[in-house]
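Enquirer: Quick one: this structure, given as structure tokens, is what I'll be asking you about.
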Amino acid sequence: NTQDRAQMSAPVDNAAATPATGDSTAAEAGFAPMPEQDRTADRLTGANAYTPEGEDIATVSELVLDEDGVTSQLVMDVGGFLGMGSHTVAIDIDQVDILWNDAEDEVRVEVPLSEVRLRAMPKYQQSRSVMSDRACSPA
């Protein structure tokens, strides 16, 4: 629907998403904090998530919105291969770093948890407003 598409390209309010993980290998790879006005659902959905040490551990599959339409959590598929065997969890937006490499046009999400700790989290159950890449896919 047209309204969903407009929302998908609207900036995501991540004022609370300040650096949570401290030192990182991302800076060495040309990544810097992504400006808030560039943090759209289109860019965040599908982004890979990494530990501060650079281990690729998950993919952002959806954004959870609060009652005001502000992104409150990132839903991530942890592990697995081609959607098989993954464990889906939600992590608060203020616990991650959202980074951008302008030269590579690449978004990266850093989480302060290992894959083992993410897999130990409760499985995500959709209960609130969610935005995903599926929301803007043609039927």
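Those letters in the sequence shown? Residues 1057 to 1195, per the working numbering, in order.
Yeah, the Cβ is synthetic: ideal placement off N, Cα and C, and Gly gets one too.
These numbers come from a predicted model, not from an experiment.
1) Considering only the alpha carbon of each residue, which of D1161, L1100, A1114 and G1086 lies closest to T1007?
2) Are three or more beta carbon pairs between the region 1153–1165 and the region 1120–1127 nearer than 8 Å?
3) Our contact map puts S1117 next to V1131 with C-beta atoms below 8 Å; I'd like the distance itself, whole angstroms only.
4) For E1111, I'd like the list of residues in its chain whose CB is within less than 6 Å of its CB, leaving aside the five on either flank, ordered along the chain.
5) Using 8 Å as the threshold, is the C-beta distance between I1171 and Y1106 below it?
6) In its own chain, which residues sit with a C-beta less than 8 Å from the C-beta of G1078, not counting the 5 before and 5 after it?
7) With C-beta atoms as the reference, is V1120 less than 8 Å away from A1146?
8) Could you pull out every residue in the same chain whose Cβ sits closer than 8 Å to the Cβ of K1179, ignoring the five residues on either side in sequence?
9) Between F1087 and E1162, what straight-line distance do the alpha-carbon atoms span, to the nearest angstrom?
Expert: Short version:
1) As shown, the chain starts at 1057 and ends at 1195. That puts residue 1007 outside it, with no answer to give.
2) no
3) Here residue 1117 refers to the residue found at position 61 when the sequence shown is read from its first residue. Here residue 1131 refers to the residue found at position 75 when the sequence shown is read from its first residue. For a cut-off of 8 Å, the C-beta gap from S1117 to V1131 is around 5 Å, short enough to register as a contact.
4) As a working mapping, residue 1111 is identified with position 55 in the sequence shown. Counting only Cβ-Cβ distances below 6 Å, and skipping sequence neighbours, we find nothing.
5) Here the question's residue 1171 lines up with position 115 in the sequence shown. Here the question's residue 1106 lines up with position 50 in the sequence shown. Residue 1171 is actually Glu in this sequence, not Ile. No, these two residues do not count as a Cβ contact at 8 Å.
6) Start at 1 with the first residue of the sequence shown, and residue 1078 comes out as number 22. Because G1078 sits at a pLDDT of 46, beneath the cut-off of 50, its placement in the model cannot be relied upon, and the following sentence gives the value as read from the coordinates. Cβ neighbours of G1078 beyond the five flanking positions: P1108.
7) Working through the sequence shown from its first residue, we reach residue 1120 at position 64. Working through the sequence shown from its first residue, we reach residue 1146 at position 90. If you check the CB distance, V1120 and A1146 come in under 8 Å.
8) If you number the sequence shown from 1, residue 1179 lands on position 123. For K1179, same chain residues with a beta-carbon under 8 Å away, outside a window of 5 residues either side, are H1143, T1144 and V1145 in chain order.
9) Residue mapping note: residue 1087 aligns to position 31 of the sequence shown, counting from 1. Residue mapping note: residue 1162 aligns to position 106 of the sequence shown, counting from 1. Taking the straight line from one Cα to the other gives about 9 Å.
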